[in-house]
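Working notes, beginning with the structure itself.
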Amino acid sequence: MHHAHAIVTTHTTRHLRRTLLGVTVQSPAVRSVTVTIDGDDPSIAGLVASCAQELGVPIIRATRAHTGVCRSAQARNNGVRALLAALRPAPAGGDALAFFDGDCAPARDCVAALQSLLGLPRRRRGLAISRVVYLSQQQTDAFDEAALRAGRWPAAIEPEALARLRGARRSAVLASWLRPLRLTKPHKPKLMSGLFAVTLEAFGRVNGFDEAYAGYGQEDDDLGRRLMASGSGVGVGIGRAMAFHQWHPTRHAGPWDGAPGIARFRGPWSPRARDGLETPVAQPHVHIDVCMPDGSVARHLDTPTGPTPTGLAAPGPPAALHTAPA
1 MHHAHAIVTT
11 HTTRHLRRTL
21 LGVTVQSPAV
31 RSVTVTIDGD
41 DPSIAGLVAS
51 CAQELGVPII
61 RATRAHTGVC
71 RSAQARNNGV
81 RALLAALRPA
91 PAGGDALAFF
101 DGDCAPARDC
111 VAALQSLLGL
121 PRRRRGLAIS
131 RVVYLSQQQT
141 DAFDEAALRA
151 GRWPAAIEPE
161 ALARLRGARR
171 SAVLASWLRP
181 LRLTKPHKPK
191 LMSGLFAVTL
201 EAFGRVNGFD
211 EAYAGYGQED
221 DDLGRRLMAS
231 GSGVGVGIGR
241 AMAFHQWHPT
251 RHAGPWDGAP
261 GIARFRGPWS
271 PRARDGLETP
281 VAQPHVHIDV
291 CMPDGSVARH
301 LDTPTGPTPT
311 GLAAPGPPAA
321 LHTAPA
């Protein structure tokens, strides 16, 4: 039986607690939870530790100093490297890595829906995609945590939002049908990094996210096209695997065509990234530890690419690492 592992990427405390709440009430429970932080703000690290206590779940935590530019591709790879360093027994190649942005709280059955789309041998599905529902400021303020715990949606979703999901699903399914005929773009159906799942084997085959991407955008399109080019089939979970993007103020990102990710995305590429999971771009020291429900820190590791540690000292089978929903 393959397990699922949740990896949450953030650079802020905003909405992170609710996202971790959604991750930790999954049914069936995920085997591990990792928070990877694009920065070393102590308030974020402290919130992760307090969530481990409140939610009764060990949380693997990866932090490193900010590099002066958003490097979410590298931060996500740091999360996978931290998972591989900290967890024993080690994850299997068929295990699912479910990625969430720190402001996207998953519904209770989200990971199960994504995982059900992976690992179908005849279709070689190594990737499952979905789309978040965008909550308004009012919906975010009224976010119903009790409903999320009970397996209900935390907000009433307007018919228009559900219609947009249905349209996105139709487009993605059509693109998946056209791919074998080479009648669609290489990155279609589109992967969005705030909500997707991939098998560890497929992720490793393409060397994870391309860490040469810096700034906002295109690293997820790039990962999607490389996974598909490497032979991974795509399962479309839009409308089934639900997560809720919590409202927050945004700043103008600047001209899209001038973004550095656009130039890189339009340049030469190959299925396996040169700078990725196994061959990271130089970065500040990465601190990996495990925040335990009793408030202790179980393990401090020097680096995600250093000597293999002995792993978590937790009793019982892997599922015992996390408290399943009551």
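Per the numbering used here, the very first residue in the sequence shown carries number 1; after that it's consecutive.
All C-beta atoms in this analysis are idealised placements derived from N, C-alpha and C, irrespective of residue type, glycine included.
Computed from a predicted model, the values in this text were never measured in an experiment.
{"Item": "Give me whichever residues DSSP pairs with residue 32 in a beta bridge.", "Value": "5"}
{"Item": "Using the Cβ count rule (16 or more neighbours within 10 Å means buried), how would you classify residue 24?", "Value": "buried"}
{"Item": "Please report the distance separating the alpha-carbon of residue 265 from that of residue 296.", "Value": "43 Å"}
{"Item": "Sort 51, 15, 80 by Cα distance to residue 200 and report the nearest one.", "Value": "80"}
{"Item": "Between the region 237 to 244 and the region 125 to 139, do at least 3 Cβ pairs fall closer than 8 Å?", "Value": "yes"}
{"Item": "Quick one: measure Cβ to Cβ for residue 38 and residue 11, integer angstroms, because I've assumed they're closer than 8 Å.", "Value": "4 Å"}
{"Item": "What are the boundary residues of the beta strand (DSSP E) that residue 275 is part of?", "Value": "Element bounds for residue 275: n/a, residue is neither H nor E."}
{"Item": "When you compare only the Cα positions, how much space is there between residue 3 and residue 214?", "Value": "31 Å"}
{"Item": "In the DSSP assignment, the alpha helix (DSSP H) including residue 64 goes from what residue to what residue?", "Value": "Run containing residue 64: none; DSSP gives neither H nor E here."}
{"Item": "Please state whether DSSP places residue 117 in a helix, a strand or coil.", "Value": "coil"}
{"Item": "Considering only residues of the same chain and omitting the five flanking positions on each side of residue 169, which have a CB-CB separation below 7 Å?", "Value": "236, 238, 239"}
{"Item": "Going by C-alpha distance, which of 228, 145, 275 is nearest residue 178?", "Value": "228"}
{"Item": "When the Cα atoms are used, what is the spatial distance from residue 217 to residue 195?", "Value": "15 Å"}
{"Item": "Could you tell me which of 185, 68, 109, 171 sits nearest to residue 153, measuring between CA atoms?", "Value": "109"}
{"Item": "Buried or exposed for residue 8, please, with buried defined as at least 16 other CB atoms from any protein chain shown within 10 angstroms of its CB.", "Value": "buried"}
{"Item": "Counting C-beta neighbours from all protein chains within 10 Å, is the total for residue 287 16 or more, i.e. buried, or is it exposed?", "Value": "buried"}
{"Item": "Compute the Euclidean distance between the alpha carbons of residue 126 and residue 166, then round it to the nearest angstrom.", "Value": "23 Å"}
{"Item": "Would you say the region 52 to 59 touches the region 131 to 149, given that touching needs at least three Cβ pairs under 8 Å?", "Value": "no"}
{"Item": "Using CA atoms only, rank isn't needed, just tell me which of 32, 176, 145, 198 is closest to residue 85.", "Value": "32"}
{"Item": "Do the region 145 to 163 and the region 217 to 226 make contact, defined as three or more Cβ pairs closer than 8 Å?", "Value": "no"}
{"Item": "Provide the residue(s) that pair with residue 98 in DSSP beta bridges, ordered along the chain.", "Value": "6, 197"}
{"Item": "Starting from residue 106, follow the beta strand (DSSP E) in both directions and report where the run begins and ends.", "Value": "104 to 106"}
{"Item": "Beta-carbon within less than 8 Å of residue 211's beta-carbon, same chain only, minus the 5 sequence neighbours each way: which residues are those?", "Value": "71, 73, 74, 77, 273, 275, 276, 280, 281"}
{"Item": "Could you round the C-beta distance between residue 158 and residue 18 to whole angstroms and report it? I think they count as a contact, below 8 Å.", "Value": "20 Å between Cβ atoms; not a contact."}
{"Item": "Figure out for me which residue from 97, 48, 156, 230 has the closest Cα to the Cα of residue 270.", "Value": "230"}
{"Item": "Quick check: what's the CA-CA separation for residue 220 versus residue 191?", "Value": "6 Å"}
{"Item": "My guess is that residue 111 and residue 26 are in contact by the Cβ rule of under 8 Å, so how many angstroms apart are they, rounded?", "Value": "5 Å"}
{"Item": "Consult DSSP for residue 289 and reduce its assignment to one of helix, strand or coil.", "Value": "strand"}
{"Item": "Just the C-alpha distance for residue 147 and residue 124, rounded to the nearest angstrom, thanks.", "Value": "35 Å"}
{"Item": "In three-state DSSP terms, what is residue 143?", "Value": "coil"}
{"Item": "Identify the residues that DSSP records as bridge partners of residue 125: which are they?", "Value": "233"}
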